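For the sequence shown, the working numbering gives the first residue as -10, with consecutive numbering after it.
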Amino acid sequence: MNGADLTALQLSLALAAATVALLLPLALLLGHWLATTRWRGRALAEALLLLPLLLPPTVVGLALLIGMGPDSVIGRGWQAITGGQLVFSFAGILVASVLVNLPLMVQPAQRAFEAVGDDLRAAAASCGLSPLRAFTRVELPLAWPGLATGAVLAFAHTLGEFGVVLMVGGAIPGETATLSLAIYDRVQAFDMAGAARLALLLLGISLIAITLLFLLGRKR
């Protein structure tokens, strides 16, 4: 592995870790809210959350490219604050990664909180626990396997994300050129052996993360 590949690996790991860190509080709030509320528009909200997974990466990437571009409100606001563009930057692919992976963390969290059940919440309230204390002492310890599952799925998916990252971030070495893009570049250069080595590395990292998740769940 040369220096460029090592940089791409470090960038991919940093992107995956930052994505999970930002998604965790969002998954907690949205998953709990969807699991404990009953309202007419809930099905539509769940459908909207799943859209990034169902749409082709080119469609999602194009929408984000337009929505965060220099001519957009978000792009102009980001440029006014930081002096740089949001697209074709690490911050841009981080925003894209968070949006794309949001359903992968929210759905397991929602199912985990639904499994806790309203009866247990009512029992916690009858014992004098406030909603916040019931959440931290009763619901969260029971729902953490779902959150962990979502975190691992989002981490592994971010490592392998290609289309959205390419469209929003390009392939700028050291800034947006992730490991999946490095594999693509190797294939374009007809370096199949090098591409295979990087693909096996990516596969190994994802397999280790998923195996650790199963081991933790079995131990629990």
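Glycine included, C-beta positions come from ideal geometry on N, C-alpha and C. Keep in mind that this is a model prediction, so the values were computed, not measured.
With respect to Leu191, Leu142 sits apart: the two C-beta atoms are not nearer than 8 Å. Just so you know, the alpha carbons of Pro46 and Leu38 end up roughly 15 Å apart. Pairing Leu54 with Trp67 gives a Cβ-Cβ distance that is not under 8 Å. Look at the region 31 to 77 and you find these whole runs of alpha helix (DSSP H), each 4 residues long or longer: 31 to 43, 46 to 56 and 62 to 71.
In the DSSP annotation of this structure, the continuous segment of the alpha helix (DSSP H) that includes Val105 starts and ends at Phe79 to Val105.
Taking 8 Å as the cut-off, the beta carbon of Ala185 is found no closer than this to the beta carbon of Leu0. Residue environment: Asn90 is assigned as buried (16 or more neighbouring CB atoms within 10 Å of its CB, all protein chains considered). The alpha-carbon of Met181 is positioned some 18 Å away from that of Gly193. Short of 7 Å from the beta carbon of Leu109, and not among the five residues preceding or following it, lie these beta carbons of its own chain, in chain order: Val127. Of the candidates Ala36, Thr(-4) and Ala137, the residue whose Cα lies closest to the Cα of Phe102 is Ala137. Fewer than three beta-carbon pairs drawn from the region 24 to 34 and the region 150 to 167 are found closer than 8 Å, and the two stretches are therefore not classed as touching. Taken through DSSP and simplified to helix, strand or coil, Ile161 comes out as coil. For Leu(-2), the enclosing alpha helix (DSSP H) has its first and last residue at Gly(-8) to Thr25. For Gly149, the enclosing alpha helix (DSSP H) stretches over residues Leu129 to Gly149. It is roughly 24 Å from the alpha-carbon of Pro130 to the alpha-carbon of Glu35. With a contact defined as Cβ atoms closer than 8 Å, Gly139 and Ala188 miss out at about 25 Å.
Between Gly50 and Gly152, the gap from beta carbon to beta carbon is short of 8 Å. The beta carbon of Pro92 sits closer than 7 Å to the beta carbons of Leu38, Leu39, Pro41 and Leu42 from its chain, once the five residues preceding and following it are set aside; these are given in chain order. In terms of Cβ geometry, Leu4 and Ser86 form a close pair [threshold 8 Å].
Only buried fits Val154, as 16 or more other CB atoms lie within 10 angstroms of its CB. With respect to the C-alpha of Leu88, the residue from Tyr173, Gly(-8), Gly58 and Leu15 having the closest C-alpha is Leu15.
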